[in-house]
Structure formats: C-alpha cells, structure tokens
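Protein sequence lines, in the order shown, are assigned to chains A and B. To convert, note that position 67 of the first sequence is 67 in the numbering used here; the numbers rise steadily by one, no gaps. To convert, note that position 112 of the second sequence is 1112 in the numbering used here; the numbers rise steadily by one, no gaps. Virtual Cβ for every residue (Gly too), placed ideally from N, Cα, C.
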Amino acid sequence: MATPLVAPPLVKAKALFCPNCGGPVELRGFGHAITVVCPQCLSVLDASTPLLKVLQQAEEAQRPTLKIPLGTRGKLSGVEWEVIGYQTRGVQDVDTSYAWDEYLLFNPYKGFRYLTEYQGHWNFVTPLEPMPARRAVGGRPAVWFEGRTFKHFSGAEAITAFVLGEFPWRVKVGEKVIADDFIDPPAILSSEKTEDEITWSKGEYTTGADIWKAFKLPGSAPSPDGVFLNQPSPYHGRVGGIWGTFGWAIAMLAALAIFFAVLTRQRVVFNSTYHFSPADQGEPSFVTPVFELDGTRDATLELDVNTNLTNDWAYFNFALINSDTGAAFDFGREVSYYTGRDSDGAWTEGGSTSTVLIPSVPPGRYYLRVEPEMETGIATSRRASLHNVDYQIVLRHDVPSYAWFWIAASLLLVPPVAYTIRARSFEKRRWMESDYPPARSRGD
Amino acid sequence: MSERQANCPSCGAPVQFRWSSAVQTVCPFCRSILVRDDLDLKNVGQVADLPPDPSPIQLLTEGVYKGKGFQVVGRILYEYEQGGWNEWHIVFSDGASGWLSDAQLQYAVSFRSGGGEPLPPSAQVSAGTRLRFQETEYEVSTMTLAMYKGVEGELPFPYFGKTDMIFADLRTSGRSFGTLDYSEEPPLLFLGEWVEFEDLNLKNLRQFEGWA
C-alpha cells in the first residue's frame, strides 16, 4: 500500500536561474508568478513553465531606484505584505507626459494588492471583481460603487515602461491599457481596458509617512508635491462644521446683545422741537436746558435729529457739555434728503433723520449746544421759499449699542470665509489636473 | 454529515466519503478515479499528479460562510490562458454542497442554481451580454475557455471524459457574481458572491515558508 498523497505541509519558496545570464531568480509569490524579471540582466521571463523562456529584454539604463526594495515586508491595516513586483507606468500625451510607480504586494493567503506612488502621493490599491455601474453626474461620466458616486477625473493610455520582480499575470514593457480614474477622495476607482477585458481596482489615499512606517524604510518620506487626484482635502467635511460653529457663535452673540438691550433703560432725557432759517436774525447757536444723565456707570447717549427736509440739506454742530466741569464733546451731523423721478423711475437719496450714538458718557448734569447751518437764499425746490427747517432733537440715555456685535460678528466671519476659500482653492487645484479643469468648464 | 467507508476497487485501500451525495472521489492512495455506481465503486481511470499549486486551501480545510460551517471535500483545478484557478467543493454541516473558488487568491462562494430558469446557449452569449437571474442583473465580463488540470477528493458529478469547457463569467456592480458552465447540456448556472479571506474564518490551511 502506498503512502497517501497529501499536500506537502509547507509550501516553499523557489529559486530559479535566468536562462539568459545564469543568475539566480527568486520567486517570492510561490506558484503564482506568470512573469518574472531577472534582477541581474532584466530579462522578462515566462514563469508559467519551468523553462523560464525569455520574453523580452529591458534596458539597464531605465532601471530606477525602488523606494521600497523587492522582498521588503510591511504591515498595512493589520495584514503583512511583501513587495514582489514593481513597474513604472506612464502616460505620454501631446500636452502631458508623466510616470508613476506601482509596487505589487503579496500575501499567500490574502492575495495581491498594489501600492502606487506619484510625486510622494501613495495609494493602497485592491483589485476589484465587481464592475462599478456607470452613470453620469452633472453631464460628466461617473460610476456608482458600494453606495458611493465616483466622478470621472481623467482617462489616458498608460504604457508600461519598466518591470522588475514577479507578477501573477503577463507583463511586458510597452504594454498599453486605457486607464480611467474616478474619484471620491480619499478613494479612487480605476479601470484598465485592454482589447479583451476591463479590470477595476479601488485605491485608498495613503501618506508617504504611513508607507515609511509600514515598511520601516530608512529616512523619512519625501513630502508630496501638489494636490493628488484622490488626496483628501484637509478642509473636506469641515467647511459645514465651521459654518455651524459660526452660526452658534452668532446666535450666542445675538442672545448676549438681546440680554444687554433688555438691561438698558432707554430713557428720553430731552425732547424738543425747533425751527431754523439762515435768513433769521441773530445767532443761530443756542443751548438747551440742563438735563441729568443719572446712574452710576458710563452709558450710551443717543441723539436723534428728525427734520422735515426735502431736496435740501442742513448741518448741525453739537456739543455735549458737562455743566459741572465744562468738559465738552463736539460732534456734527449733516442731514440731507433728496427725491425725484428720472427715466428709471422715482429715486431718493439720504434721509430726513439722523442718529448719533455716543458710546460712553459718564453720569452727570449736561446740556447741549446746537448750531444749525443751511444754505442761504431761496430754495428752488420749495416753490421759491427761503431755506428753512423744522427739526426735533431727542436724547435717549442708556440705549443698546450694537457696534460691538457687528465687530465681533465680522471677526467671527473671518475663519469660515477663509476656510471656504481655501477648501475651494484646494478642489480647484485638484481638478486643474483633470480632464475637466475648472477654468475651462465654465466657458464650454 | 454521515461518513461512509468503502474500499478502493483498484488498490483495496479504505476510501472515505465525507459527503453522502458524492458521485466521484479520487483514491488518495493510488489516484484512481472512483465513480459511485449504485453501491459499487467503479474505477474509471487515473488522475495525473496535481501540479504544484499555491492555493492556501486544501482538502479538509474548514470554514464558515453566512454562519454555517463547511468543510472542503473535493477540488477541481482549472487552467486557462492567463493561469489557473481552483474550485474547492465544500459541504456544509447541513449537507448542502457548494463551491469555494480561489482565483489568484480572490475568493468566492457559489452554489448551483436549481431554479430551472431558461439559460441561453453559449452561441448567444458574449462579453457584454446582460442576463437576469433571480432578480439580479448580470453582465457577461468574459468568456473563458478552460480545461481540467486535475481533481482531488469528492465531487458532485463525474469529471471523467471532459476536456475543454466554456464558462461565461457573470459580474454585477456589487459582490454578486455568477458562472454559466457550458460543459454540460443544458448548461449549469452557478450563483454566488465574492468573499473576503478573513470573513471565511478558514482553518486547517496550508503553511507557507516564511509566513506565520
């Protein structure tokens, strides 16, 4: 009786010899390799048969320096991966030409993944078996996958420029695919189309620092250049939040303003009506009777001038004078109100009333000196009457002041506005590199 | 699962059946292909050595799918232009039989559909063809021409005598997939889904040098 034919308990790695240069060719992917490249002479070998037929010869001059050397192992999201293959792929268009690196990762149980790298931007890529459904969003192509919409970013013919290590499929230098990228940062869906089939993969944006840490690479990761197509925006999802915070702060500020407004007494301390015409005899200035601003703290004082001016102006010089100390606070106000009708219809300019708010007046006894000024002569608008004005002066003590509210509100507005601008500019920089650059899409 | 035992008609060694409905098994000692014929086991041929294959799964690997335990009792190794893949015949604790496929370590579980739905002949199917089975829309992604590279263990049908086979791979935008198997007339339909290795909770796997 023969021994039962059971699978060997341990699957062993294999080493072969390059039929071209005789150098050792290590196979790290156990039996999965279909193509392997001799690390010495860069012959691309057919690993699907033990003969290792030479398929192609790559040029030594093109050999790049791998950021993660073949055979390096690292842990990404809890799974150990070994770098077993590498390729440089590029796009050569009339107006653009660029290349990126792809590292093939292997785990004998979990299968194959890739790391792609372009100017310091990394993606951890998983091959997909499902085929994302195509749909258009806003007139542009998009795909739908796992409940998310991925917008088309760009499509181009990608050419394999260099290969090293081993691959579980046939690779060769010069191989062309039509590659299309669809993004929902930090995720990216990519399709690669050959004559026979279309394959999909899903990438997740990863920082160079994470790669350096995962594979314990010497030194530190080069800092990324520019904005990558699926690089998560540092502002994404936070613009709404910061506006929400702004809303809350404004609401609290408004509540505070209302609270202070309720506390104010808004007492009318003076109210009187006057008439003025520059044609009148005598000194136009006069002083009001003394009035008392009581209380123990400094408070606001509001002065309202209500006039009957129409198509005319008047200027009022005021001085608020403390009757005990003689300290004076001078200020002036022009009141002008014009109205009429032209080809666009009725119009008005200015107003017949004016308000002055003196923010902080110590309590005490005060009087007001008033000096009105007007144009002399005949007012054409008033059917040939002389310039004159009826006006009322009202003084209100301890009225609510909202200036601080507006100053605080506009200061609070700075971060969300700045944030929104930066978020927009980040997205703009992202899409500038796409098939749909923002500047052009408006005009098209 | 009731285990039955018989003796290999060729070498006399004990042959165990782990699945009561198995139609074929391979004698693990002399590699004879044994087909069940009523109560008898008939030796219909010899299998060649299975080529070395890097699947981490082997006969007697155990796992869990949708809360139900299963055991790997058989295997078909297919080869096609781009490489090879394994269809592992799995039998669940309740006797149901299905397939765990491993294509370059992409795993999927599928079951033969006995729905009696009309299946299009292979001449009417090509990449891009849309088909609807059990309320799900499938698209034919590729037509694969494959051949048997080897068999092991217990299978629900006799493998003997088949050479080239045409499969239509059915994909969806989600995890569901299907296969139309044109090796028989009428064709067979298998429906299932892509699964993650870690979700299968597999035990009794093969070991790989240098990997814990």
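Let me make sure I understand the geometry here. Which of the options has the alpha-carbon closest to that of residue i?
i: TRP313(A); options: PRO64(A), ARG396(A), LEU386(A); result: LEU386(A)
i: LYS1068(B); options: VAL1091(B), TYR1107(B), GLN1058(B); result: VAL1091(B)
i: HIS32(A); options: GLN1104(B), ASN1043(B), VAL1023(B), LEU1060(B); result: GLN1104(B)
i: ALA1013(B); options: ASN1043(B), TRP1019(B), SER1126(B), ASP1037(B); result: ASN1043(B)
i: PHE124(A); options: PRO132(A), GLU283(A), GLU102(A), LYS110(A); result: GLU102(A)
i: SER323(A); options: PHE316(A), PHE291(A), PRO218(A); result: PHE291(A)
i: GLY139(A); options: HIS152(A), SER48(A), PHE318(A); result: HIS152(A)
i: ARG1132(B); options: LEU1191(B), THR1025(B), TRP1085(B), ALA1096(B); result: LEU1191(B)
i: ASP46(A); options: GLN40(A), LEU55(A), GLY120(A); result: LEU55(A)
i: ALA209(A); options: PRO224(A), VAL370(A), TRP248(A); result: PRO224(A)
If you follow the alpha helix (DSSP H) that residue i is part of, which residue opens it and which one closes it?
i: PHE162(A); result: No alpha helix (DSSP H) contains PHE162(A), which is instead part of the beta strand (DSSP E) from 148-167.
i: ALA209(A); result: 208-214
When the Cα atoms are used, what is the spatial distance from residue i to residue j?
i: ARG73(A); j: PHE112(A); result: 13 Å
i: TYR402(A); j: VAL262(A); result: 13 Å
i: THR96(A); j: GLU1198(B); result: 42 Å
i: TRP1099(B); j: GLY203(A); result: 29 Å
i: ILE1076(B); j: GLY1045(B); result: 16 Å
i: SER1002(B); j: GLY1153(B); result: For SER1002(B), the pLDDT reaches just 45, beneath the cut-off of 50, and the residue's location in the model is therefore unreliable, leaving the point undetermined.
i: LEU1050(B); j: THR1172(B); result: 33 Å
i: PHE246(A); j: VAL394(A); result: 37 Å
i: ASN1007(B); j: GLN1124(B); result: 45 Å
i: VAL414(A); j: GLY90(A); result: 43 Å
i: LEU189(A); j: LEU411(A); result: 42 Å
i: GLY120(A); j: ILE1166(B); result: 45 Å
i: TRP431(A); j: GLN1134(B); result: 41 Å
Report yes or no: is there a C-beta of chain A within less than 8 Å of the C-beta of residue i?
i: ASP1053(B); result: yes
i: GLU1139(B); result: yes
i: GLN1016(B); result: no
i: ARG1130(B); result: no
i: THR1144(B); result: no
i: SER1173(B); result: yes
i: PHE1197(B); result: yes
i: GLN1269(B); result: This structure cannot speak to residue 1269(B), because chain B is shown only from 1001 to 1212.
i: PHE1236(B); result: Shown here, chain B extends from 1001 to 1212; a query on residue 1236(B) therefore has no answer.
i: LEU1205(B); result: yes
i: SER1002(B); result: Residue confidence for SER1002(B) is low, a pLDDT of 45 falling below 50, so the modelled location carries little weight; the figure read from the coordinates is stated next. Answer no: the Cβ-Cβ gap between SER1002(B) and chain A never drops below 8 Å.
What are the start and end residues of the beta strand (DSSP E) that includes residue i?
i: PRO416(A); result: Run containing PRO416(A): none in the beta strand (DSSP E); it sits in the alpha helix (DSSP H), 403-432.
i: PRO1149(B); result: As written in the sequence, residue 1149(B) is Lys, which differs from the Pro given in the question. Residues 1136-1153.
i: LEU1060(B); result: LEU1060(B) -> no beta strand (DSSP E), and no H or E assigned at all.
i: GLY1083(B); result: 1083-1092
i: VAL239(A); result: Not the beta strand (DSSP E): VAL239(A) falls in the alpha helix (DSSP H), residues 239-263.
i: VAL1125(B); result: Run containing VAL1125(B): none; DSSP gives neither H nor E here.
i: TRP100(A); result: 97-107
i: TYR235(A); result: First-last for TYR235(A): undefined, no H or E at that position.
i: GLN392(A); result: 389-397
i: LYS1042(B); result: 1040-1046
Could you tell me whether any Cβ in chain B is nearer than 8 Å to the Cβ of residue i?
i: GLY111(A); result: yes
i: LEU496(A); result: Not covered by the structure: residue 496(A). The range shown for chain A is 1 to 444.
i: VAL11(A); result: yes
i: ILE84(A); result: no
i: ALA2(A); result: Unreliable positioning characterises ALA2(A) in this predicted model, as indicated by a pLDDT of 42, which lies under 50. A coordinate reading is not provided.
i: GLU197(A); result: yes
i: HIS152(A); result: no
i: PHE145(A); result: yes
i: PHE162(A); result: no
i: GLU129(A); result: yes
i: GLY74(A); result: no
i: ALA133(A); result: yes
Considering only residues of the same chain and omitting the five flanking positions on each side of residue i, which have a CB-CB separation below 8 Å?
i: THR355(A); result: GLU302, LEU303, ASP304, VAL305
i: LEU42(A); result: GLN57, ALA58, GLU59, GLU60, ARG63, LEU164
i: ARG267(A); result: ARG396, HIS397, ASP398
Return the chain-ordered list of same chain residues with a C-beta closer than 6 Å to the C-beta of residue i, the five sequence neighbours on each side being excluded.
i: SER360(A); result: ASP298
i: VAL11(A); result: PHE30
i: ARG1130(B); result: GLU1139
i: PRO127(A); result: SER201
i: GLN1058(B); result: ARG1206
i: ALA279(A); result: LEU386
i: CYS1030(B); result: SER1010, CYS1011
i: GLU1079(B); result: MET1147, LYS1149
Residue i: beta carbon under 7 Å from a heavy atom of the ligand MN?
i: GLU1184(B); result: Among the ligands in the structure shown, none appear at all, so the ligand MN cannot be discussed.
Kindly list the residues whose CB is nearer than 7 Å to the CB of residue i, restricted to its own chain and excluding five residues on each side of it in sequence; keep chain order.
i: SER441(A); result: Residue placement at SER441(A) is poorly supported in this model, since its pLDDT is 45, which falls under 50; the coordinates still yield a value, given next. Answer for SER441(A): no residue qualifies.
i: THR149(A); result: VAL137, ALA142, ASP184
i: MET1(A); result: Residue placement at MET1(A) cannot be trusted, given a pLDDT of 39 that sits under 50; what the coordinates show is reported in the next sentence. For MET1(A), where only same-chain residues beyond five positions count, there are no Cβ hits under 7 Å.
i: ALA450(A); result: The structure shown does not extend to residue 450(A), since chain A is modelled only from 1 through 444, so no value can be given for it.
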